[in-house]
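Written below as structure tokens is the structure these notes are about.
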Amino acid sequence: MKHFLAAVLALNTLSVFAQPEDHPHHEKHYADVPAIETPEIKVEIIRPHSQINFSQFTIKVYNNTDDYILMKKHAITFQSDEMGYGNKNPKEDIDFIEPHGDITRQIKVEGGVGCKVDQLNVSFEGVFSRAPVKGTPTAGGEFKMKPDVNSIMMEPFAVTLKKWRFDPKELSADFKIRYRGESIGIVSESEVKIRKEDGTILENTGAKAEPLIIPPMATKTVTVVRPFANGAVGKGESVYVVWDSALEVSESTGFSVAPFSLTYDPEKTKKENK
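Here's what the structure looks like:
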């Protein structure tokens with residue numbers, strides 16, 4: 002009986018891991034792709050493959066510059082003339098890469114039941130752009146505390162007050178900053194100031210040293226903290242959180258990255274499906 006059970010288990014294991022071509026999880030793997038390099042970036046394509054209803058690979062991008070690199074993943078296009086594949090794009094998502102940094106992301110397209118094609122062409126048109134680390138300051142604006150409104154548009158930035166505490170001893174507030182532009186938003190917490198009614202300017206003691214980088218339609222939280230000396234702010238007196246030098250826009254400039262092709266590799270496929 003023990004031998005019979007062991008044999009059944011072995012057969013089940015083989016059925017799971019052997020994965021014949023008509024198995025839903027059988028993968029079609031493609032030949033390795035040489036690294037793609039430009040003066041701005043280096044791109045590595047890792048483990049490209051397809052199943053019946055999706056194609057994907059892992060991409061590693063190295064930033065060779067002193068600027069930020071913006072990557073619009075949804076602009077990557079997979080194309081094939083086989084099995085009605087046509088053109089496919091990943092879901093909308095945008096990443097940025099720090100100067101001389103790198104990121105690794107999965108790139109996946111889905112749809113239909115005809116993704117296991119022998120030949121795939123991949124285009125990077127409109128995917129990559131370069132943005133300076135120093136942007137152009139916006140006109141900014143200011144929040145009155147206690148607040149009259151909870152959200153203010155400051156050019157491409159939506160600044161929303163999420164929570165706050167204010168009395169003659171201290172101001173503490175968290176703001177959600179949403180960048181609605183198409184390049185990169187830069188927020189410097191150290192440049193957020195507190196203005197008293199008499200015009201005195203105070204520093205934000207809750208500021209982080211490094212700027213916050215916001216890609217398109219993303220959000221970051223900025224903390225503003227300022228304790229007040231005894232008697233510095235009178236009861237019923239307002240203060241103002243001033244953003245005039247804190248918000249910058251770094252306009253990006255696109256650059257070209259060569260397309261590449263994925264070619265079915267039977268030996269690699271056989272090995273990966275074992």
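Take the position in the sequence shown, starting the count at 1, then add 1; the result is the number in the numbering used here.
The beta carbon of each residue, even a glycine, is placed where N, CA and C say it ideally should be.
Note that the coordinates shown come from a computational prediction; the quantities given were computed from them, not determined experimentally.
Per DSSP, the continuous beta strand (DSSP E) segment holding Pro-228 begins and ends at 220-228. Residues Ser-130 of the same chain have their beta carbon placed closer than 6 Å to that of Gly-255, with the five preceding and five following residues left out of the count. The C-beta separation of Tyr-69 from Pro-100 comes to about 7 Å, placing the pair in contact by the 8 Å criterion. Taking the Cβ atoms as the reference, Val-110 lies roughly 4 Å from Lys-89, within the contact range of under 8 Å. Three or more Cβ pairs closer than 8 Å define a contact, and the region 199-212 falls short of that threshold against the region 156-170.
Sixteen is the threshold: since fewer than 16 other Cβ atoms of the shown chains lie within 10 Å of the Cβ of Thr-137, the residue is exposed.
Beyond the five residues adjoining it in sequence on each side, Ser-239 comes within less than 8 Å, by CB distance, of Lys-145, Met-146, Lys-147 and Glu-198 in the same chain, given in chain order. His-26 sits exposed, since fewer than 16 C-beta atoms from the chains shown fall within 10 Å of its C-beta. Beta-bridge analysis with DSSP links Met-72 to Asp-96 and Phe-129. For Asp-94, the closest C-alpha among the options Glu-83, Thr-105, Thr-78 and Met-72 is that of Met-72. Considering only Pro-217, Leu-203 and Val-223, the residue with the shortest C-alpha distance to Glu-211 is Val-223. Apart from sequence neighbours up to five positions away, the residues of its chain that approach Gly-182 with a beta-carbon distance below 7 Å are Pro-157, Pro-217 and Val-250, ordered along the chain. Within 10 angstroms of the beta-carbon of Ala-247 lie 16 or more other beta-carbons, which makes it buried.
Between the alpha carbons of Gly-113 and Phe-55 lies a gap of roughly 8 Å. Going by DSSP, Lys-271 is part of no beta strand (DSSP E) but of the alpha helix (DSSP H) stretching over 267-273.
Distances from the alpha-carbon of Asp-245 to those of Ile-214, Lys-43, Glu-143 and Arg-166 put Glu-143 closest.
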